[in-house]
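Reminder that position 284 of the sequence shown reads as 284 in full-length UniProt numbering, one-by-one numbering, no gaps. Built from N, CA and C at the ideal position, the CB exists for glycine as well.
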Amino acid sequence: MTTIKELRVLPPLAIGRLGAATEPMDNYTCEVDPEQPLAPRRLRPAPTFRVDPDSGAITGADTPDELRFTDGNGRVRPVAPFLEVWALTSDDVLQPLTLDLLSANDLTPDAVRWRVEVGNHKIQRRTYDDLDKIDADTGWFSDHAPHALMGRCPHFLDDRFLPLGHARYVKPTPEFPGIRLRFTPAAGYVYGSRRPTDDIEDDPNVVDYLYDAAKGTWRGHADRAGDPRLTIPANIYAGDDGPKGTWVSRGYLDDECDGLVRVQLEVGGQELTAFGRIGAGPPAYAPDSIPIRTIADELDQALHGPSASDQDTLEHARDVAEEVLRRATETVRLMNTEVMNGNTVDGRVDAASTMVRQDTADTGRLYEPIVAPSLVDSAAVLALHQNVLAALRSGTAPWFADVLRDHDEVGDLTAKGRRKMPALMRGADGRHLALTRRQVELVRLAARQEIFRQDDESGETR
1 MTTIKELRVL PPLAIGRLGA ATEPMDNYTC EVDPEQPLAP RRLRPAPTFR
51 VDPDSGAITG ADTPDELRFT DGNGRVRPVA PFLEVWALTS DDVLQPLTLD
101 LLSANDLTPD AVRWRVEVGN HKIQRRTYDD LDKIDADTGW FSDHAPHALM
151 GRCPHFLDDR FLPLGHARYV KPTPEFPGIR LRFTPAAGYV YGSRRPTDDI
201 EDDPNVVDYL YDAAKGTWRG HADRAGDPRL TIPANIYAGD DGPKGTWVSR
251 GYLDDECDGL VRVQLEVGGQ ELTAFGRIGA GPPAYAPDSI PIRTIADELD
301 QALHGPSASD QDTLEHARDV AEEVLRRATE TVRLMNTEVM NGNTVDGRVD
351 AASTMVRQDT ADTGRLYEPI VAPSLVDSAA VLALHQNVLA ALRSGTAPWF
401 ADVLRDHDEV GDLTAKGRRK MPALMRGADG RHLALTRRQV ELVRLAARQE
451 IFRQDDESGE TR
């Protein structure tokens with residue numbers, strides 16, 4: 001008999017995207033078009049589960065003819081990920097938990113119990129008041145109905161909650177026997193703050209008022225200058241100019257969240273548990289592009305270490321170098337490089353939030369563009385990146401390894417330091433962005449080995 005010994009939730013991290021449409025987004029892949037390798041990535045429809053809204057069972061898995069990111073009425077289709085339960089068995093095999101495997105252990109689908117806990121702590125992160133935390137908890141469930149994630153907060157108006165989406169245990173069937181949960185994020189609305197005695201205000205940005213401004217301080221909050229707990233950059237919330245240079249909160253809330261999905265199963269008198277992480281963020285408005293540094297890069301470094309190793313082949317290093325440059329090309333395609341460089345635009349100096357402004361505000365550095373203003377025409381910069389990408393694909397060594405910014409150079413505000421790649425962008429610490437140490441090492445590995453590569457047939461170095 002194959003006995004279930006341990007459980008896993010896969011993927012261990014699933015990121016949903018907000019959307020108000022009733023039908024979730026179809027599945028798709030994002031790939032380089034071999035016919036147009038310098039063009040934006042190509043999106044291809046992929047097999048997509050269809051879940052019956054009444055029973056919660058999967059009724060089919062079809063591939064749509066085309067991708068539509070909205071419902072045709074201006075509402076974005078949410079990305080609603082599935083999380084699967086896998087089992088490590090007595091055979092030392094990790095396999096999907098299915099109806100057959102449950103039955104082999106004298107269990108039914110009702111024996112699987114789920115619990116989803118998510119929170120939105122954005123307000124608490126600014127006010128440092130734990131009564132501003134917004135949390136939702138489904139409690140344990142084994143049925144197949146949607147379980148609303150109702151965000152509660154002590155500082156909300158009476159009987160109000162923040163909708164954070166819902167979770168559903170997908171009903172397994174003989175055709176689709178896997179044990180799965182689906183997380184559907186919230187709509188992506190903005191909510192407001194008021195006092196119970198106030199008349200409802202006519203704010204076009206707000207769909208409803210949840211926060212009681214008589215209980216908490218979020219409406220009218222201003223970050224305290226010099227507080228070591230401030231985020232970098234500070235003032236990243238909707239607000240207005242206040243006295244003495246402060247930024248005063250309008251009291252808005254959004255319906256993003258993150259948290260845990262827990263699963264529980266009792267096998268032979270032993271309680272087995274596992275968990276995965278979920279989050280919900282804004283829609284992907286450039287789905288054919290990938291940011292130059294992603295969570296996947298962080299996880300790759302955590303798994304394999306910050307340095308290139310003997311197991312990293314030249315082919316892999318070259319693939320990483322090409323991917324880095326492709327992402328840089330995609331990023332440039334979406335940027336107004338003249339504004340981001342700190343150029344004077346239409347007679348306006350300091351026209352937007354840029355690294356030039358950041359450097360001056362944080363350190364008092366002279367306000368000046370990062371590179372010569374004449375060199376950052378958006379079309380010219382994009383063409384340059386495309387030319388380098390084409391050369392790299394043809395076998396040229398990645399010369400740009402020499403100008404990559406190291407992790408310990410993010411605070412180098414010399415003219416040379418600010419011009420290193422990636423340029424014009426900042427990291428989570430508010431300083432100039434750097435790739436992960438592993439990305440940099442792999443690009444440099446590709447550059448070194450290209451110079452001294454061996455002929456595949458003769459074995460001679462050339």
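- A Cβ-Cβ distance of about 5 angstroms is found for the pair Val267 and Ile4, placing them in contact under the 8 angstroms criterion.
- Distance from the CA of Leu334 to the CA of Glu298, rounded to the nearest whole angstrom, comes to 23 angstroms.
- Contact check for Leu88 and Leu94: beta-carbon distance about 5 angstroms, within the 8 angstroms limit, so the pair qualifies.
- Shown here, Val248 sits in a strand according to DSSP, grouped into three states.
- Contact annotation: the region 74-87 touches the region 176-185, with at least three C-beta pairs closer than 8 angstroms.
- The closest CA to that of Ile15, considering only Ala296, Arg426, Asp429, is found on Ala296.
- In terms of Cα proximity to Trp218, the closest of Leu162, Met150, Gly192 is Gly192.
- Gly216 and Pro185 do not touch by the CB rule: their CB atoms are close to 25 angstroms apart, not below 8 angstroms.
- Excluding residues up to 5 positions away in sequence, Ala238, Gly239 lie with their Cβ nearer than 6 angstroms to the Cβ of Arg250 in the same chain.
- Taking each of Val206, Gly188, Ala187 in turn and checking the Cα distance to Arg194, the smallest one comes out for Val206.
- Residues of the same chain with a CB within less than 7 angstroms of the CB of Arg326, apart from the 5 flanking positions on each side, are Leu389 in chain order.
- Taking all protein chains shown into account, Trp399 has fewer than 16 neighbouring C-beta atoms within 10 Å of its C-beta and is therefore exposed.
- 8 angstroms or more divides the Cβ of Val410 from the Cβ of Ala321.
- In this chain, Lys171 is not harboured by any beta strand (DSSP E), its DSSP state being neither H nor E.
- Non-local C-beta neighbours of Leu230 in its own chain, meaning closer than 7 angstroms and more than five positions away in sequence, comprise Asp223, ordered along the chain.
- Taking a C-beta distance under 8 angstroms as the contact criterion, Pro47 and Ala57 do not qualify as a contact pair.
- Glu117 is the residue among Val356, Glu117, Arg50 whose C-alpha sits nearest the C-alpha of Asp258.
- A contact is defined here as three or more CB-CB pairs under 8 angstroms, and the region 29-48 meets this definition with respect to the region 375-393.
- Here the alpha carbons of Pro154 and Val248 stand approximately 22 angstroms from one another.
- Setting aside the 5 residues that flank it on each side, Thr29 is surrounded in the same chain by Leu43, Arg44, Ala46, each with a C-beta closer than 8 angstroms to its C-beta; the list follows chain order.
- In this structure, Val345 and Arg419 do not form a Cβ contact; the two beta carbons are roughly 20 angstroms apart against a cut-off of 8 angstroms.
- Ser142 and Arg113 do touch by the CB rule: their CB atoms are close to 5 angstroms apart, below 8 angstroms.
- When secondary structure is reduced to three states using DSSP, His147 falls in the strand class.
- Counting only residues of its own chain and dropping the five nearest sequence neighbours on each side, Leu13 has a CB closer than 6 angstroms to the CB of Arg277.
- Leaving aside the five residues that flank Arg126 on each side, the residues in its chain whose CB is nearer than 7 angstroms to its CB run, in chain order, His221, Asp223, Tyr237.
- Exposure of His407 is indicated by the presence of fewer than 16 other C-beta atoms within 10 angstroms of its C-beta.
- The three-state reading of DSSP puts Leu230 in coil, since its state is none of H, G, I, E or B.
- When DSSP states are grouped into helix, strand and coil, Ser394 belongs to the coil group.
- The C-beta of Leu149 has 16 or more other C-beta atoms within 10 Å across all chains shown, which makes the residue buried.
- Comparing alpha-carbon positions, the option among Asn27, Gly72, Leu97, Asp33 lying closest to Asp65 turns out to be Asn27.
- For the options Leu265, Ala328, Gln270, the alpha carbon positioned closest to that of Thr294 is the one of Ala328.
- In the displayed model, Asp377 falls within coil according to three-state DSSP, outside both helix and strand.
- Remark: C-beta atoms of His147 and Arg160 do not approach each other more closely than 8 angstroms.
- One alpha carbon belongs to Asp359, the other to Ala423, and they sit about 13 angstroms apart.
- Ranked by how close their Cα comes to the Cα of Gly119, the residues Pro196, Asp254, Arg77, Asp212 have Asp254 in first place.
- The alpha carbon of Glu23 has as its nearest neighbour, out of Val32, Arg8, Gly74, the alpha carbon of Gly74.
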